[in-house]
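K.L.:
Okay, here's the structure, questions in a sec.
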Amino acid sequence: MKTPQLSRRERTLLNCAPIGEERIRDRSMRSAVLRASESNGFANQQSFDRAVAALVSSLPIPPATAEWFSTKDLFSPSKWTWKKILRNPAVLAVGIALVVIAGVLVFQFVARLNDFPGSATARKLLTIAGSTRSVLLDPVDADARTLSDLFFMKHGLEHYDVPPEFADFHTIGCRVFEDDESQRVAQMWVAEKRMQFFLFPAERDVKSGAILRFPGWRYVHQEGWVGAVMEHNGVCFMAALRGREKDLAAYIPKAKQ
Amino acid sequence: MLGDARKAQEVFETTLREAALRAAHGELPNQPFWLFRDARWRCLEASETDLQAEPLQLEERDMTSVAPSQVAQLEPTQLAIWISGAPDPQRTALALFYLDEFDYREILELAELKLSELSRLLALGRRQFQAWLDAMLPEKTHL
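Protein sequences appear in the order of chains A and B. For the first sequence, this note's numbering begins at 2 and goes up steadily by one. For the second sequence, this note's numbering begins at 231 and goes up steadily by one.
The structure is reproduced here in structure tokens:
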């Protein structure tokens, strides 16, 4: 057997080398033991340690002490109570995260409850309504119902009709523009309550191209504005004002909502 | 650690009783090996009340290949008495090491030693024990 050159650290470790290799749990010890495995001195040490450990394990244990280890654990593991579990920081953090996620999901679900075909466009138009100044529109002086002809004659927009509920409102400005999806939108500014009307193409099924219809009036909300939307002949009409739903509901007969 | 089964039994029971009381009050330490550390200090306290051997320079010998057969001739209590006679922390180091239940890092934590100290104490213990074996067993074998 040869004696390998061992560093001081390795010699220090080897003096503490475990009696069985299964108890080697770190790399430096494993490496030191491997390097010394062929040396006589280390082999003597290991046999000596094994013999002493065997003698220690044969030390008689008094019966009164042995009883403690014979049948049951010294201590039952601490019981997990709900209180303990809830106080665990990890559980607490996961709990808070789940509550937040649940809150967001509920919020989105509630928001989606009122969705209808064209609601996304309606919300975008409410944002436009909030940023529009009356000077941007072409001045007109007519009832809203008469503008249908103007939209058809001047812009070729068919069925851009104002529903009867809002047909008699006095209009002071209007314009036709293309939104970000190149849809042509008619916008009107009426004198009453600084209300604005929008007419835009109803949403269509992506595959079939069929108009996605919905019955009656639907409400949308965006940035403090509220809009009441209805679909007729493939065109959606939206009456919008800054305020609450009840401000707009007054103009819409209950039976038609 | 004590070289005396009766004292060891007392320490064992006291340690467990104290641990049970602490558990009942929800005051169990959150550290690994606290029970063993507690038992160790109780052993050291218990042995302080005993008559102390005069500190003397023990002989040292290199371990030989016949050591295992020498050890095999010993009674377990002889070994226990020899280890319990060692000064602490060597006594703790030898007792914990030859229990063969802990790895060296656990012994370092339990005995509050540095690696170099544990290494020196174990190496010294082996050499002293070998010298004791050499001195003890030739006489015994002649009996």
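Every residue gets a Cβ at the ideal spot worked out from N, C-alpha and C, and that includes glycine.
Any beta carbon from chain A within less than 7 Å of B:Ala353's own beta carbon?
P.N.:
Here residue 353 of chain B refers to the residue found at position 123 when the second sequence is read from its first residue. It does: the Cβ of B:Ala353 has a partner Cβ on chain A nearer than 7 Å.
K.L.:
May I ask you to report which of helix, strand or coil DSSP gives B:Gly355?
P.N.:
As a position in the second sequence, residue 355 of chain B is number 125, starting the count at 1. Here B:Gly355 sits in helix by DSSP.
K.L.:
Between A:Ala123 and A:Met239, which are expected to be in contact by the criterion C-beta below 8 Å, what is the C-beta distance as a whole number of angstroms?
P.N.:
The residue you call residue 123 of chain A lines up with position 122 of the first sequence. The residue you call residue 239 of chain A lines up with position 238 of the first sequence. With a Cβ gap of about 5 Å, A:Ala123 and A:Met239 count as contacting.
K.L.:
What residues in the region 47-72 of chain A bring their beta carbon closer than 9 Å to a beta carbon of chain B?
P.N.:
Listed by position, the residues of the region 47-72 of chain A near chain B (Cβ gap below 9 Å) are Ser48, Phe49, Asp50, Arg51, Ala52, Val53, Ala54, Ala55, Leu56, Val57, Ser58, Ser59, Leu60, Pro61, Ile62, Pro63, Ala65, Thr66, Trp69.
K.L.:
Would you say B:Leu309 reaches chain A, if we count a Cβ-Cβ gap shorter than 7 Å as a contact?
P.N.:
Numbered from its first residue, the second sequence carries residue 309 of chain B at position 79. Interface residue, yes.
K.L.:
Could you say which of A:Ser38, A:Val34, A:Ala18 lies nearest to A:Asp50 if we only look at CA atoms?
P.N.:
The sequence position of residue 50 of chain A within the first sequence is 49, counting from 1. The residue with the shortest Cα to Cα distance from A:Asp50 is A:Ala18.
K.L.:
Give the residues of chain A in contact with B:Thr322, contact being defined as C-beta atoms less than 9 Å apart.
P.N.:
On the second sequence, position 92 is the one that residue 322 of chain B refers to. Those do not exist, as B:Thr322 stays about 14 Å from chain A at its closest Cβ, beyond 9 Å.
K.L.:
What in chain A is Cβ-close to B:Met293, meaning under 7 Å?
P.N.:
For the purposes of this step, residue 293 of chain B is identified with residue 63 of the second sequence, where counting begins at 1. Result: Asn45, Gln46, Phe49.
K.L.:
Start and end of the beta strand (DSSP E) containing A:Gly228?
P.N.:
Walking along the first sequence from the start, residue 228 of chain A turns up at place 227. From DSSP, the beta strand (DSSP E) with A:Gly228 extends over 226-233.
K.L.:
Rounded to whole angstroms, how far is the Cβ of A:Leu7 from the Cβ of A:Ser29, which I believe are closer than 8 Å?
P.N.:
Here residue 7 of chain A refers to the residue found at position 6 when the first sequence is read from its first residue. Here residue 29 of chain A refers to the residue found at position 28 when the first sequence is read from its first residue. The beta-carbon distance between A:Leu7 and A:Ser29, rounded to whole angstroms, is 12 Å. This is too long to meet the 8 Å contact definition.
K.L.:
If you reduce the DSSP assignment to three classes, tell me which class A:Leu158 lands in.
P.N.:
Translated into positions along the first sequence, residue 158 of chain A becomes position 157. Reduced to three states, the DSSP call for A:Leu158 is coil.
K.L.:
Under the assumption that A:Leu200 contacts A:Val141 (Cβ atoms under 8 Å), give the Cβ distance between them as a whole number of angstroms.
P.N.:
Along the first sequence, one-based indexing puts residue 200 of chain A at 199. Along the first sequence, one-based indexing puts residue 141 of chain A at 140. Rounded to the nearest angstrom, the Cβ distance from A:Leu200 to A:Val141 is 14 Å, too far for a contact under 8 Å.
K.L.:
Would you give the residue range spanned by the beta strand (DSSP E) that A:Arg185 belongs to?
P.N.:
Within the first sequence, numbered from 1, the residue matching residue 185 of chain A stands at position 184. Counting along the chain, A:Arg185 sits inside the beta strand (DSSP E) bounded by residues 185-191.
K.L.:
Below 8 Å on the Cβ atoms is my contact criterion, and I expect B:Asp318 with B:Gln360 to pass it. Report the Cβ-Cβ distance as a whole number of Å.
P.N.:
By 1-based counting over the second sequence, the position of residue 318 of chain B is 88. By 1-based counting over the second sequence, the position of residue 360 of chain B is 130. About 21 Å separates the two Cβ atoms, so there is no contact after all.
K.L.:
Chain B beta carbons: is any one of them nearer than 7 Å to that of A:Thr13?
P.N.:
For the purposes of this step, residue 13 of chain A is taken as the residue at position 12 of the first sequence. Cβ-Cβ to chain B under 7 Å: yes for A:Thr13.
K.L.:
By alpha-carbon positions, which one of A:Asn45, A:Arg36, A:Ala67, A:Ser40 ends up nearest to B:Glu243?
P.N.:
In the second sequence, the residue the question calls residue 243 of chain B occupies position 13. Out of A:Asn45, A:Arg36, A:Ala67, A:Ser40, A:Ala67 has the C-alpha closest to the C-alpha of B:Glu243.
K.L.:
What residues from chain B crowd round A:Ile86, counting only those whose CB sits closer than 7 Å?
P.N.:
As a first step, residue 86 of chain A must be located in the first sequence, where it is residue number 85. Those do not exist, as A:Ile86 stays about 16 Å from chain B at its closest Cβ, beyond 7 Å.
K.L.:
Just the C-alpha distance for B:Gln303 and B:Leu367, rounded to the nearest angstrom, thanks.
P.N.:
By 1-based counting over the second sequence, the position of residue 303 of chain B is 73. By 1-based counting over the second sequence, the position of residue 367 of chain B is 137. Their Cα atoms are separated by approximately 8 Å.
K.L.:
What is the residue span of the beta strand (DSSP E) that A:Ile20 lies within?
P.N.:
Counting from 1 along the first sequence, the entry for residue 20 of chain A is found at position 19. Element bounds for A:Ile20: n/a, residue is neither H nor E.
K.L.:
For chain A, find out if any of its Cβ atoms is closer than 7 Å to the Cβ of B:Thr371; answer yes or no.
P.N.:
Here residue 371 of chain B refers to the residue found at position 141 when the second sequence is read from its first residue. Here the model assigns B:Thr371 a pLDDT of 46, short of 50, so the residue's position is not dependable and the matter cannot be decided.
K.L.:
Short of 9 Å Cβ to Cβ, which residues in the region 18-29 of chain A face chain B?
P.N.:
Ala18, Pro19, Ile20, Gly21, Arg24, Ile25, Arg26, Asp27
K.L.:
Got a sec: does the ligand MN put a non-hydrogen atom nearer than 6 Å to the Cβ of B:Gln308?
P.N.:
Summarising the ligand content, the structure contains no ligands, and the ligand MN is consequently not present.
K.L.:
From this set, A:His233, A:Gly21, A:Ala37, which residue's C-alpha is nearest A:His160's C-alpha?
P.N.:
In the first sequence, counting from the first residue as 1, residue 160 of chain A sits at position 159. Of the listed residues, the one whose Cα sits closest to A:His160 is A:His233.
K.L.:
Measuring alpha carbon to alpha carbon, tell me which residue in A:Lys84, A:Trp83, A:Leu56, A:Trp69 is nearest B:Gln226.
P.N.:
Outside the modelled stretch of chain B, which goes from 231 to 373, sits residue 226 of chain B, for which no answer is possible.
K.L.:
Tell me the rounded alpha-carbon separation between A:Val186 and A:Gly244.
P.N.:
Locating residue 186 of chain A in the first sequence gives position 185, where the first residue counts as 1. Locating residue 244 of chain A in the first sequence gives position 243, where the first residue counts as 1. Rounded to whole angstroms, A:Val186 to A:Gly244 spans 23 Å at the Cα level.
K.L.:
Under a CB-based cut-off of 7 Å, is A:Asn89 close to chain B?
P.N.:
Walking along the first sequence from the start, residue 89 of chain A turns up at place 88. Among the CB atoms of chain B, none fall inside 7 Å of the CB of A:Asn89.
K.L.:
How long is the line joining the alpha carbons of B:Leu373 and B:Glu305, rounded to whole angstroms?
P.N.:
Counting from one through the second sequence, the residue named residue 373 of chain B turns up at place 143. Counting from one through the second sequence, the residue named residue 305 of chain B turns up at place 75. Because B:Leu373 carries a pLDDT of 42, less than 50, the predicted location of this residue cannot be relied on, and no value is offered for it.
K.L.:
If you follow the alpha helix (DSSP H) that A:Ile1 is part of, which residue opens it and which one closes it?
P.N.:
Because chain A spans 2 through 258 in this model, residue 1 of chain A falls outside it and cannot be assessed.
K.L.:
Can you name the residues of chain A whose CB is closer than 9 Å to the CB of B:Ser277?
P.N.:
Here residue 277 of chain B is taken as the residue at index 47 of the second sequence, counted from 1. Taking the beta carbon of B:Ser277 as reference, no residue of chain A falls within 9 Å; the closest one sits roughly 17 Å away.
K.L.:
Starting from A:Pro202 and walking both ways along the alpha helix (DSSP H), at which residues does that stretch end?
P.N.:
Counted from its first residue, the first sequence places residue 202 of chain A at position 201. Run containing A:Pro202: none in the alpha helix (DSSP H); it sits in the beta strand (DSSP E), 197-202.
K.L.:
What are the uninterrupted segments assigned as alpha helix (DSSP H) that are 4 or more residues long and contained completely in the region 327-355 of chain B, given in chain order?
P.N.:
334-341
K.L.:
Measure the C-alpha to C-alpha separation of A:Trp63 and B:Ala250 and round it to an integer number of angstroms.
P.N.:
Taking the first sequence and counting its residues from 1, the one referred to as residue 63 of chain A is at position 62. Taking the second sequence and counting its residues from 1, the one referred to as residue 250 of chain B is at position 20. According to the sequence displayed, residue 63 of chain A carries Pro and not Trp. So the two alpha carbons sit approximately 21 Å from each other.
K.L.:
Using a threshold of 7 Å, state whether the C-beta atoms of B:Leu326 and B:Ile311 are closer than that.
P.N.:
As a first step, residue 326 of chain B is located in the second sequence; it is residue number 96 there, counting from the start. As a first step, residue 311 of chain B is located in the second sequence; it is residue number 81 there, counting from the start. Contact flag unset, no.
K.L.:
Tell me the DSSP secondary structure of A:Thr147 in three-state form.
P.N.:
The residue labelled residue 147 of chain A in the question sits at position 146 within the first sequence. Correct three-state label for A:Thr147: helix.
K.L.:
Pull up the distance between the alpha-carbon of B:Leu352 and that of A:Ala54, whole angstroms please.
P.N.:
Indexing the second sequence from 1 puts residue 352 of chain B at position 122. Indexing the first sequence from 1 puts residue 54 of chain A at position 53. Looking at the backbone, the Cα of B:Leu352 and that of A:Ala54 are separated by about 13 Å.
K.L.:
Please compile the residues from chain A whose C-beta is within a distance smaller than 9 Å of the C-beta of B:Gln239.
P.N.:
Here residue 239 of chain B refers to the residue found at position 9 of the second sequence. Chain A residues near B:Gln239: Pro63, Ala65, Thr66.
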